[in-house]
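Step one of this worksheet: look at the structure below.
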Amino acid sequence: MQRELKAPSAKKIEKRLIKHNDVRIDDYYWLNERENPEVIAFLEQENAYYEAMTSHTQELKDSLFLEMKSRIKEDDSSVPYKFNGYWYATRYEVGKEYPIFTRRFEKEDAEEEIMFNCNLMAEGFDYFNLGGLSVSPNNELAAFGVDTVSRRQYTLQIKNLRTQEIYGDKIENTTGSAVWANDNKTLFYTKKDPVTLRSNNIYRHVLGTPAEEDELVFHEEDETFTTFVYKTKSKEFIVIGSSSTLTTEFQILRADDPNGQFHVFSKRIRGMEYSLTHYEDNFYILTNMEGATNFKLMTTPEDKTESENWVDFIQHREDVLLEDIEMFNEYYVLSERENGLNKLKIVRWDTGESYYLPFDNETYTAYVGTNPDFDTEILRYGYNSMTTPSSIIDFNMRTREKEIKKEQEVLGGKFNKENYISQRIWAPARDGKKVPISLVYHKNTKLDGSSPLLQYAYGSYGHTIDPYFSTVRLSLLDRGFVYAIAHVRGGEYLGRKWYEEGRLLNKMHTFTDFIDCSKFLIEKKYTSPEHLYASGGSAGGLLMGAIVNLCPEIYHGVIAAVPFVDVLTTMLDDTIPLTTGEYDEWGNPNEKEYYDYMKSYSPYDNVTRQLQPNMLVITGFHDSQVQYFEPAKWVAKLRAHKMDKNLLLFNINMDAGHGGASGRFESLKEVAKEYAFLLDLEHKIR
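The opening residue of the sequence shown carries number 1 in UniProt numbering; numbering runs sequentially from there.
The structure is reproduced here in structure tokens:
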């Protein structure tokens, strides 16, 4: 009965878009008029259609939500970490959506101080997020940012932690974070361009003075760069960073001299990336300088910071990606990636003695955790795998003893990690490369082609999706689903070259890798086209749009969340947030070579009359990264070109942005919607 309902049909108003003598006709361009009542009416029609078409799954959605919620420890808390004399932690209360930020003086069992109770602060708002919490060196003040719209435009404020008074200092349109100078009264923060939302200005604010009198200390003129500010772990320097996709530059100022002038650490060179760590009298620089594709570590004295003075400390390695370094007084810890796997290497400063932490499988994630203290021999790190819940571990770098401070509890009494199997397999891509896939499934799931499989990927910006544990995913695994993460090109799973082979004029590799992984999973009987589902969000939503155009016949269902699908139009509009900063990732379509290539894969531009898989498209009306009108236009065009009776559902959260709902339980409801969509499709073909 549901399929007899009439789907919304957006009216067509022809818009001719001309570039490089090429004419594109966009019939749905008008949907970008955010304040137009007709646009709102169309989105509401789509929501009503979604609700009507999925009403029969409401009981399933509710059941999935309660099931996922039941696995979560509602009165959970983070492992406290010590910083500047206080133990800081975040905790939740039963039934509450938002975190409570706390601290205790000197001892973990000292009297609790509540710094911020976000449940109280969120009252009256449909969306709430507190970010950028920064405590002054004297421990008396806290700067914090609040976003109540979900466009990542934070209002910066200051709270007296002794008196609980929130001062009248109120700074609008910031990134939410701020850095204290060592005088306990001077703050440095980042403001955004009000139109593009690009973070382009660094200001100096003095406590108690009007925000309009704040001094602009740096303006980033290059529209392809964003800027940010932070303090080094040594607490000795305030650092302004400027970054584009492929180029970075930093400026430094002594934290004891907040009224001084920043000076450039090493001037920007296009294509050269570097980041700073300060230790004793030297800086350590993680960089790709001199062709170090997988990055190397260099060092230089405090007073000779230009790149001509840098000398190698850890040389470049072709087979190891050097991702990060964590400094301690007696040790430093390297985060590396080799053959796709995380590795943590511990090295003594004085002797150079080194060793790796041991990890024992191929589907795990290990990372350095929160370590704000220099003077400790304890390294805090995190570990989980696709079958093992997350653990926070304190490791004594001297004695090599470890203490598990917390292991994620999976409540409900049904979880046993021995019931699940994880593995890594390698799919042949059409150009001969091998693409790794991380898999997890219940031990009773049949691998004869009859089982449903959800394949996920992201594949952009060098962002690597490591194999990780998920309590919500259990709702699929326990119902017979296989879950696969395809580590396609465009991420850095196999090193920096893996990223380079999936961006700019190589972007098509991301899409074909995903399709080739799907075909391999079908060939090896993990699933079949009747039971294969695909999912991706944001740039991963672009991936979903591309595979729907390129190879729709091998997918039974596709979920595209906040999908970046109108690539050309967005990248040609430099008033849209993030556009200019994306040129190094996608290319600048003002140049014909990039225009033609982007047009060849842009999902919106390549919609044709063909059969489509069942699809669920999700977005947020206030999204500042992928504007709501991209998926809205795409869905409208897909509807006009449909040649089948498969589902095409569009659900818009009118209160959310790019990250979805803000509360921890509200976000579970969104996952429940997605899983109900998949399970309902699977039920109908059984």
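Backbone N, C-alpha and C define an ideal beta-carbon position, used for all residues, glycine too.
As the structure is a computational prediction, the values presented were derived from the model and not from experiment.
Closer than 6 Å by C-beta to residue i: which residues in its own chain qualify, once you throw out the five before and the five after it? Chain order, please.
i           : result
residue 253 : 238, 260, 262
residue 147 : 129, 154
residue 274 : 248, 285, 287
residue 108 : 80, 87
residue 307 : 266
residue 213 : none
residue 277 : 284, 325, 327
residue 113 : 103
residue 258 : 181, 183, 186
residue 460 : 490, 539
Should residue i be labelled buried (16 or more other beta-carbon atoms within 10 Å of its own) or exposed?
i           : result
residue 513 : buried
residue 688 : Beyond the ends of the chain as shown, which are 1 and 686, falls residue 688; an answer cannot be given.
residue 269 : exposed
residue 485 : buried
residue 68  : buried
residue 645 : exposed
residue 557 : buried
residue 701 : Residue numbering for the chain in the displayed model covers 1 to 686; residue 701 lies beyond these limits and cannot be assessed.
residue 251 : buried
residue 217 : buried
residue 355 : exposed
residue 392 : buried
residue 167 : exposed
residue 204 : buried
residue 495 : buried
Excluding the 5 residues preceding and the 5 following residue i in the sequence, name in chain order all residues of the same chain whose CB lies nearer than 7 Å to its CB.
i           : result
residue 319 : 338
residue 185 : 206, 207
residue 660 : Annotation note: pLDDT 47 at residue 660 (below 50); position unreliable, coordinate value reported separately. Same-chain partners within the cutoff: 620, 653, 667, 670.
residue 447 : 525, 526
residue 389 : 407, 408, 410, 469
residue 65  : 668, 669, 672
Does DSSP put residue i in a helix, in a strand, or in coil?
i           : result
residue 472 : coil
residue 680 : helix
residue 125 : coil
residue 13  : coil
residue 32  : helix
residue 349 : coil
residue 96  : coil
residue 192 : strand
residue 529 : helix
residue 7   : coil
residue 601 : helix
residue 271 : coil
residue 588 : coil
residue 686 : coil
residue 660 : Because residue 660 sits at a pLDDT of 47, beneath the cut-off of 50, its placement in the model cannot be relied upon, and the point is left open.
residue 554 : helix
residue 26  : strand
residue 417 : helix
Residues in its own chain within less than 8 Å of residue i by CB, not counting five upstream and five downstream?
i           : result
residue 90  : 77, 78, 99, 100, 101, 102
residue 442 : 419, 420, 421, 477, 478, 480
residue 309 : 300, 301
Quick check on the DSSP output: the beta strand (DSSP E) that includes residue i runs from which residue to which?
i           : result
residue 174 : 166-180
residue 313 : 311-314
residue 337 : 331-338
residue 689 : A query on residue 689 cannot be resolved here, the shown segment of the chain reaching from 1 to 686 and no further.
residue 294 : First-last for residue 294: undefined, no H or E at that position.
residue 205 : 199-206
residue 449 : Segment: none, residue 449 is in no beta strand (DSSP E) and carries neither H nor E.
What are the residues that DSSP puts in a beta bridge with residue i?
i           : result
residue 673 : Paired residue(s): none; residue 673 is not in a bridge.
residue 142 : 135, 159
residue 487 : Looking at the DSSP assignment, residue 487 forms no beta bridge with any residue, so it has no partner.
residue 423 : 439
residue 343 : 336
residue 428 : 434
residue 394 : 380, 403
What first and last residue would you give for the alpha helix (DSSP H) that runs through residue i?
i           : result
residue 65  : 58-70
residue 641 : 629-641
residue 38  : 37-53
residue 549 : 539-550
residue 567 : 567-571
residue 714 : This structure does not reach residue 714, given that the chain is present from 1 up to 686, and the question cannot be answered.
residue 497 : 496-500
When you compare the CB of residue i with every CB in chain B, is at least one pair closer than 8 Å?
i          : result
residue 11 : In the structure shown, chain B cannot be found, because there is only a single protein chain.
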